[in-house]
Amino acid sequence: MLTSTCFLAASSFLALSMAAPIPKPVERRGGMAFSKYTVFGGDGTTLQGWPSQNQWWPFEDLWDANLEILRTSCTQYPGSPQNNDENEIAAIKQAIIEVSGESGLSKEYILASMMQESKGCVRAPTTNYGVRNPGLMQSFNGKATCNEGGFTTPCPDSTIKQMVSEGVGLGLEFGLTQALGQAGCDDVSKYYKAARIYNSGSLPQGGNLGSGIATHCYSTDIANRLVGWTSQSSACQEGTIGSVGGSNVAFGGSDYSNGNGNGNGNSNTPEPTTTPTITEPPAAVKTPEVEPPKAETPKVEPPKAETPKEQTPKPVNAPTSEKAPGAAANCKSWYAVKKGDDCSATGISFERLRTLNTQLDSNCSNLWAEYSYCIDA
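In mature numbering (1 follows the signal peptide of the UniProt record, and there is no 0), the protein residues as written are -19 to -1, 1 to 358.
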């Protein structure tokens, strides 16, 4: 089997044209410094400007930074479920600590993934487009939820822990642990690559974590969450992040390995100093979802990255393939989505497309190939 190191892969990628990420200053709120968003492009390595693990905020600081969102995040969902109470929030924290110990996965990474998936709402809804994605982590074929056929209030501690366990992959065929195994390397980029796999089911061809299918900003959002960004909205642009290359300028965040920086100490393990090897990761299948899908193990052939899409859609009066869920009942014209299409390929504005196809999410991350979408009614 052909092997190489993540270091070598990153070095060869540096020959490409790069756009430096733009680090922004931090703002202080209540004594805690909150990071502003930095757009990270490229392959997730520190050689391309991504944060090292020593620059991740310690768990307690990340937890404190996200508390305000944890207390208010449930109202974003249909039906406005009750926001987390203080006991539920305490149970989430305890679950992350316990599951981290059981799985060996860092608390910081589990917390960042949870905030990306559900903003930490224990009553987050379950999506199901062939694969069930419930709970705090929107896990792959998980069982634990406090929002199915009605809201469970309060959400039991045991259910909260099961949500976190399932997202990490304990007792399931796929989760964060399995995604890390498919990342194919041992440096810090494995976490950013695994985030992409967890979201879309595979790594994009060419290595740029913002290209290919699914939620293009997912990996850079995770990296930002790990260094203190907490906002509800990302500064990353879904339509352009795939063309942003890595930077040979190192990320300027604080180093917490000796308890320095904005935090209260170090809860991270330094990156390995040995040269890791990389094996070709098995492809994983991901079923689309509203709040990004989880991967189905293994395989999706990633689309050929960076090739221009057809600029002129070919509408038809009757759908030529199965109708997409949520398509307008009185539709007059349809567009059959091809592999590699995004929402712009339909030839109408994204706002109009979502009006005519109500199951599309705000990031166009669940546009299904080989389905017909309404483009006129």
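No residue lacks a Cβ here, since even glycine has one placed at the ideal position from N, Cα and C. This structure is a prediction, so every number in the text was calculated from the model and none was measured.
Cutoff 6 Å; reference residue i; Cβ partners in own chain excluding five residues on either side
{"i": "residue 102", "result": "54, 55"}
{"i": "residue 343", "result": "none"}
{"i": "residue 248", "result": "At residue 248 the pLDDT is 38, less than 50, meaning the model places this residue with poor confidence; the figure from the coordinates comes in the next sentence. Only 39, 40 meet the Cβ criterion."}
{"i": "residue 291", "result": "Any reading at residue 291 must be qualified, since the residue scores a pLDDT of 42, below 50, and its modelled position is unreliable; no value is offered."}
{"i": "residue 129", "result": "107"}
{"i": "residue 115", "result": "107, 123, 126"}
{"i": "residue 303", "result": "352"}
{"i": "residue 142", "result": "76"}
{"i": "residue 317", "result": "301, 302, 353"}
CA nearest to the CA of residue i, picked from the options
{"i": "residue 159", "options": "141, 71, 180", "result": "180"}
{"i": "residue 131", "options": "58, 310, 83", "result": "58"}
{"i": "residue 39", "options": "29, 78, 321", "result": "78"}
{"i": "residue 306", "options": "118, 328, 334", "result": "334"}
{"i": "residue 93", "options": "83, 63, 104, 48", "result": "48"}
{"i": "residue 135", "options": "223, 323, 26, 64", "result": "64"}
{"i": "residue 147", "options": "133, 139, 121", "result": "121"}
{"i": "residue 73", "options": "32, 84, 118", "result": "118"}
{"i": "residue 169", "options": "133, 332, 156, 26", "result": "26"}
{"i": "residue 224", "options": "198, 210, 236", "result": "198"}
{"i": "residue 164", "options": "177, 69, 317, 52", "result": "177"}
{"i": "residue 145", "options": "61, 133, 96, 232", "result": "96"}
C-beta neighbour in chain B for residue i, strict 8 Å
{"i": "residue 42", "result": "Absent from the structure is chain B; it holds one protein chain and no more."}
Beta-carbon proximity list for residue i, same chain, < 8 Å, skipping 5 on both sides
{"i": "residue 13", "result": "With a pLDDT of 47 at residue 13, under the threshold of 50, the modelled position of this residue cannot be trusted, and the question is left open."}
{"i": "residue 299", "result": "315"}
{"i": "residue 81", "result": "87, 88, 91"}
{"i": "residue 331", "result": "324, 325, 345"}
Residue span of the alpha helix (DSSP H) that contains residue i, given as start and end
{"i": "residue 203", "result": "199 to 207"}
{"i": "residue 172", "result": "170 to 181"}
{"i": "residue 335", "result": "331 to 337"}
{"i": "residue 158", "result": "157 to 164"}
Span separating the alpha-carbon of residue i from that of residue j
{"i": "residue 107", "j": "residue 349", "result": "19 Å"}
{"i": "residue 353", "j": "residue 99", "result": "29 Å"}
{"i": "residue 171", "j": "residue 358", "result": "45 Å"}
{"i": "residue 234", "j": "residue 89", "result": "16 Å"}
{"i": "residue 75", "j": "residue 109", "result": "28 Å"}
{"i": "residue 174", "j": "residue 161", "result": "8 Å"}
{"i": "residue 16", "j": "residue 207", "result": "10 Å"}
{"i": "residue 18", "j": "residue 341", "result": "26 Å"}
{"i": "residue 167", "j": "residue 218", "result": "28 Å"}
{"i": "residue 226", "j": "residue 32", "result": "15 Å"}
{"i": "residue 67", "j": "residue 104", "result": "14 Å"}
{"i": "residue 221", "j": "residue 204", "result": "18 Å"}
{"i": "residue 183", "j": "residue 195", "result": "10 Å"}
{"i": "residue 70", "j": "residue 62", "result": "15 Å"}
{"i": "residue 328", "j": "residue 60", "result": "33 Å"}
{"i": "residue 29", "j": "residue 188", "result": "12 Å"}
{"i": "residue 211", "j": "residue 322", "result": "31 Å"}
{"i": "residue 37", "j": "residue 236", "result": "8 Å"}
{"i": "residue 140", "j": "residue 133", "result": "10 Å"}
{"i": "residue 228", "j": "residue 190", "result": "13 Å"}
{"i": "residue 347", "j": "residue 52", "result": "28 Å"}
{"i": "residue 232", "j": "residue 111", "result": "39 Å"}
{"i": "residue 50", "j": "residue 153", "result": "28 Å"}
{"i": "residue 5", "j": "residue 24", "result": "In this predicted model, residue 5 has a pLDDT of only 38, less than 50, meaning its place in the structure is not dependable enough to derive any value."}
Close beta carbons around residue i, own chain, < 7 Å, minus the five adjacent residues each side
{"i": "residue 355", "result": "308, 309, 312, 315, 337, 338"}
{"i": "residue 138", "result": "72"}
{"i": "residue 319", "result": "350"}
{"i": "residue 215", "result": "18, 198, 202"}
{"i": "residue 150", "result": "156, 157, 158, 159"}
{"i": "residue 84", "result": "149, 151, 158"}
{"i": "residue 21", "result": "2, 30, 31, 201, 204"}
{"i": "residue 113", "result": "107, 122, 123"}
Span of the beta strand (DSSP E) around residue i
{"i": "residue 237", "result": "Note, residue 237: premise wrong, no beta strand (DSSP E); not H, not E."}
{"i": "residue 357", "result": "352 to 357"}
{"i": "residue 316", "result": "314 to 317"}
Proximity test, residue i beta-carbon vs the ligand ZN heavy atom, cut-off 7 Å
{"i": "residue 208", "result": "Within the structure as shown, the ligand ZN is missing, as the structure has no ligands at all."}
### Query
What alpha helix (DSSP H) runs, 4 residues minimum, are completely inside the region 17 to 67?
Here the runs fully enclosed are 40 to 53.
### Query
Quick one: complete alpha helix (DSSP H) runs, 4+ long, within the region 68 to 142?
Taking only runs of at least 4 residues, the alpha helix (DSSP H) segments lying wholly in the region 68 to 142 are 88 to 99.
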